[in-house]
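Have a look at the structure below before the remarks.
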């Protein structure tokens, strides 16, 4: 029988550098002979990418709950079209954001109630959680400084430092609540140190999966 694959997610505020580390991790795991599927949220599917365009379009204004429902709609497609099939094949899925982002951005950031988010989580995900989540922690002002080179901010990147402070606190709350799954990486260090810390965590995780 094919052994189920593993599901790893990357989380963090804008500017935390998770995207570049995610691609490095994918190559690192491929070097171990693993089949890797790299994906992202919102997105990952044809419909998901169209929803992503709407969600990130700075010309759009929408109610916080509309934003939340669109995020979970994209996630339902993502699970059905990408994540479930990959895990069933025995592949490892590495995703740029997943469910923790909804609790951090729409919950802590936008103020959508925890009760509503939990209901959506149960309905859409059916209890499917990552095997490992790597949260790249960074103060809001540092994140904003790192994305200043972007000529046009998307709808989230143009938010205030106060918004990202709330998002960060939402992530840290999740890390405390799900400490067995979420590993916090200090993203304020130089990239070489961050990558070293990431490698150590991944090596431990891989050994655990192989039963060593």
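Numbering (this note's numbering), first residue to last: 1278 to 1489. Where a beta carbon is used, it is the ideal one built from N, C-alpha and C, also for glycine.
Counting along the chain, the unbroken alpha helix (DSSP H) around residue 1481 starts and ends at 1468-1487. Remark: C-beta atoms of residue 1411 and residue 1287 approach each other more closely than 8 angstroms.
Nearest to residue 1433 by C-alpha distance, out of 1482, 1312, 1356 and 1289, is 1289.
Residue 1323 counts as exposed, since fewer than 16 other beta carbons sit within 10 angstroms of its beta carbon. The Cβ atoms of residue 1471 and residue 1294 lie closer than 8 angstroms to each other. Listed as beta-bridge partners of residue 1410 by DSSP are 1286 and 1459. DSSP assignment within the region 1329-1407 yields the following whole beta strand (DSSP E) runs of 3 residues or more, N-terminal first: 1369-1373.
Here residue 1284 is buried. Its C-beta has 16 or more other C-beta atoms within 10 Å.
Note that the C-beta distance between residue 1415 and residue 1482 is not below 8 angstroms. About 20 angstroms separates the beta carbons of residue 1363 and residue 1328, which is beyond the 8 angstroms limit, so they are not a contact pair. Setting aside the 5 residues that flank it on each side, residue 1358 is surrounded in the same chain by 1322, each with a C-beta closer than 6 angstroms to its C-beta; the list follows chain order. Between the alpha carbons of residue 1460 and residue 1318 lies a gap of roughly 19 angstroms. Contact annotation: residue 1448 and residue 1381 have beta-carbon atoms nearer than 8 angstroms.
In the pairwise beta carbon analysis, the region 1341-1351 is classified as not touching the region 1297-1317: fewer than three pairs are separated by under 8 angstroms. For residue 1444, the enclosing alpha helix (DSSP H) has its first and last residue at 1438-1454.
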